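Heads up: the sequence shown is residues 40 to 152, going by my numbering.
Backbone N, C-alpha and C fix where the C-beta goes; we use that ideal spot for every residue, glycine too.
Treat the numbers as computed from the prediction; the structure is a model and nothing was measured.
Below you'll find the structure, written out as C-alpha coordinates, and then a few comments.
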Amino acid sequence: MTIKRIEPGARMSGAVVHGNTVYLAGQVGDGVSVTEQSKSALAEVERLLALAGSDKSKILQTIIYLSDMSTFGEMNAVWEAWIDPKNPPARATSEAALATPDYKVEFIVTAAI
(Lines of atoms letter the chains of each structure in order from A; the text may use other names.)
(Lines give C-alpha, C1' and ligand atoms only; values in the text may rest on other atoms or scores of the structure.)
Protein backbone atom coordinates (compact mmCIF):
# COMPACT_ATOMS: atom_id res chain seq x y z
CA MET A 40 0.00 0.00 0.00
CA THR A 41 1.26 3.46 -0.81
CA ILE A 42 1.64 6.35 1.59
CA LYS A 43 0.81 9.87 0.39
CA ARG A 44 2.07 12.84 2.40
CA ILE A 45 0.13 16.10 2.03
CA GLU A 46 2.05 19.32 2.60
CA PRO A 47 5.15 17.65 4.06
CA GLY A 48 7.51 19.85 6.02
CA ALA A 49 10.76 19.45 7.89
CA ARG A 50 8.99 18.30 11.07
CA MET A 51 5.68 16.80 9.93
CA SER A 52 3.12 16.53 7.16
CA GLY A 53 -0.22 18.32 7.26
CA ALA A 54 -1.86 14.98 6.54
CA VAL A 55 -0.86 11.44 5.64
CA VAL A 56 -2.99 9.07 3.57
CA HIS A 57 -2.51 5.33 3.93
CA GLY A 58 -5.01 3.02 2.29
CA ASN A 59 -8.45 4.51 2.74
CA THR A 60 -7.57 6.50 5.86
CA VAL A 61 -6.25 10.04 6.28
CA TYR A 62 -4.46 11.13 9.45
CA LEU A 63 -4.23 14.87 10.08
CA ALA A 64 -1.55 16.56 12.13
CA GLY A 65 -2.85 18.45 15.14
CA GLN A 66 -4.57 21.62 13.92
CA VAL A 67 -4.52 24.87 15.83
CA GLY A 68 -6.13 28.11 14.72
CA ASP A 69 -5.69 31.84 14.66
CA GLY A 70 -7.42 34.23 17.02
CA VAL A 71 -7.53 35.12 20.68
CA SER A 72 -10.58 33.20 21.91
CA VAL A 73 -11.34 29.48 21.89
CA THR A 74 -14.22 30.26 19.52
CA GLU A 75 -11.95 32.01 17.00
CA GLN A 76 -9.24 29.38 17.22
CA SER A 77 -11.75 26.52 16.92
CA LYS A 78 -13.35 28.01 13.81
CA SER A 79 -9.96 28.64 12.23
CA ALA A 80 -8.58 25.18 13.07
CA LEU A 81 -11.70 23.40 11.82
CA ALA A 82 -11.54 25.34 8.55
CA GLU A 83 -7.99 23.99 8.17
CA VAL A 84 -9.22 20.47 8.98
CA GLU A 85 -11.81 20.84 6.23
CA ARG A 86 -9.19 22.08 3.75
CA LEU A 87 -6.79 19.21 4.49
CA LEU A 88 -9.57 16.63 4.29
CA ALA A 89 -10.52 17.97 0.85
CA LEU A 90 -6.89 17.71 -0.32
CA ALA A 91 -6.93 14.07 0.81
CA GLY A 92 -10.22 13.37 -1.01
CA SER A 93 -12.34 13.27 2.12
CA ASP A 94 -14.71 15.53 4.05
CA LYS A 95 -16.09 16.03 7.55
CA SER A 96 -18.87 13.46 7.00
CA LYS A 97 -16.13 10.80 6.89
CA ILE A 98 -14.34 11.72 10.12
CA LEU A 99 -13.84 8.58 12.19
CA GLN A 100 -12.28 10.04 15.31
CA THR A 101 -11.26 13.41 16.70
CA ILE A 102 -9.09 14.06 19.72
CA ILE A 103 -9.39 17.58 21.09
CA TYR A 104 -6.97 19.21 23.49
CA LEU A 105 -7.98 22.34 25.41
CA SER A 106 -5.48 24.44 27.33
CA ASP A 107 -8.23 25.10 29.89
CA MET A 108 -11.18 22.75 30.38
CA SER A 109 -13.34 25.69 31.48
CA THR A 110 -13.62 26.55 27.75
CA PHE A 111 -15.19 23.17 26.93
CA GLY A 112 -18.64 24.68 26.32
CA GLU A 113 -17.24 27.43 24.08
CA MET A 114 -15.38 24.90 21.93
CA ASN A 115 -18.41 22.57 21.85
CA ALA A 116 -20.62 25.35 20.47
CA VAL A 117 -18.28 25.71 17.48
CA TRP A 118 -17.83 21.96 17.11
CA GLU A 119 -21.56 21.20 17.14
CA ALA A 120 -22.25 23.87 14.50
CA TRP A 121 -19.43 22.50 12.33
CA ILE A 122 -19.75 18.70 12.34
CA ASP A 123 -22.00 16.74 10.03
CA PRO A 124 -24.91 16.01 12.40
CA LYS A 125 -25.76 12.78 10.54
CA ASN A 126 -22.19 11.47 10.91
CA PRO A 127 -20.69 12.48 14.26
CA PRO A 128 -17.30 10.87 14.87
CA ALA A 129 -15.96 9.19 17.96
CA ARG A 130 -14.39 11.94 20.07
CA ALA A 131 -12.34 12.57 23.18
CA THR A 132 -11.49 15.90 24.80
CA SER A 133 -8.76 16.50 27.37
CA GLU A 134 -6.97 19.39 28.98
CA ALA A 135 -3.29 19.68 28.03
CA ALA A 136 -0.44 22.15 27.84
CA LEU A 137 -0.26 23.05 24.14
CA ALA A 138 2.83 24.02 22.11
CA THR A 139 2.63 27.71 23.07
CA PRO A 140 0.57 29.61 25.66
CA ASP A 141 -1.25 31.36 22.79
CA TYR A 142 -2.86 28.09 21.65
CA LYS A 143 -6.13 27.33 23.37
CA VAL A 144 -7.38 24.33 21.34
CA GLU A 145 -5.96 21.63 19.07
CA PHE A 146 -7.86 19.11 16.91
CA ILE A 147 -6.38 15.77 15.81
CA VAL A 148 -8.51 14.08 13.14
CA THR A 149 -8.57 10.67 11.51
CA ALA A 150 -10.98 10.17 8.59
CA ALA A 151 -11.94 7.69 5.89
CA ILE A 152 -11.52 8.51 2.22
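Query raised in the report: Between Ala80 and the rest of its own chain, which residues show a CB-CB distance below 8 angstroms, the 5 nearest in sequence each way excluded?
Result: Locating residue 80 in the sequence shown gives position 41, where the first residue counts as 1. Once the five neighbours on either side are set aside, the close Cβ partners of Ala80 are Gln66, Val67, Gly68, Val144, Glu145, Phe146.
Query raised in the report: Quick one: Cα of Gly48 to Cα of Ser93, how far?
Result: Translated into the one-based positions of the sequence shown, residue 48 becomes position 9. Translated into the one-based positions of the sequence shown, residue 93 becomes position 54. Those two C-alpha atoms are separated by around 21 angstroms.
Query - Exposure label - Met114; buried when at least 16 CB within 10 Å - result: Within the sequence shown, residue 114 is the residue found at index 75, counting from 1. Met114 comes out buried.
Query raised in the report: Could you give the distance in angstroms between the alpha-carbon of Ala135 and the alpha-carbon of Thr41?
Result: Position 96 of the sequence shown holds residue 135. Position 2 of the sequence shown holds residue 41. C-alpha separation (whole angstroms): 33 angstroms.
Query - Option nearest Tyr104 by Cα separation, candidates Ser96, Gln76, Arg50, Lys95 - result: Locating residue 104 in the sequence shown gives position 65, counting from the first residue. Taking only the C-alpha atoms, the option nearest Tyr104 is Gln76.
Query raised in the report: In whole angstroms, what separates the C-alpha of Thr149 from that of Ser109?
Result: Translated into positions along the sequence shown, residue 149 becomes position 110. Translated into positions along the sequence shown, residue 109 becomes position 70. Cα to Cα, the separation comes out at about 25 angstroms.
Query raised in the report: Taking C-beta to C-beta, are Asn126 and Lys78 nearer than 9 angstroms?
Result: Taking the first residue of the sequence shown as 1, we reach residue 126 at position 87. Taking the first residue of the sequence shown as 1, we reach residue 78 at position 39. Between Asn126 and Lys78, the gap from beta carbon to beta carbon reaches 9 angstroms or more.
Query raised in the report: Can you name, in chain order, every residue of its own chain whose Cβ lies under 7 angstroms from the Cβ of Ala151, other than the five neighbours on each side?
Result: Indexing the sequence shown from 1 puts residue 151 at position 112. Cβ within range, chain order: Asn59, Thr60, Ser93, Lys97, Leu99.
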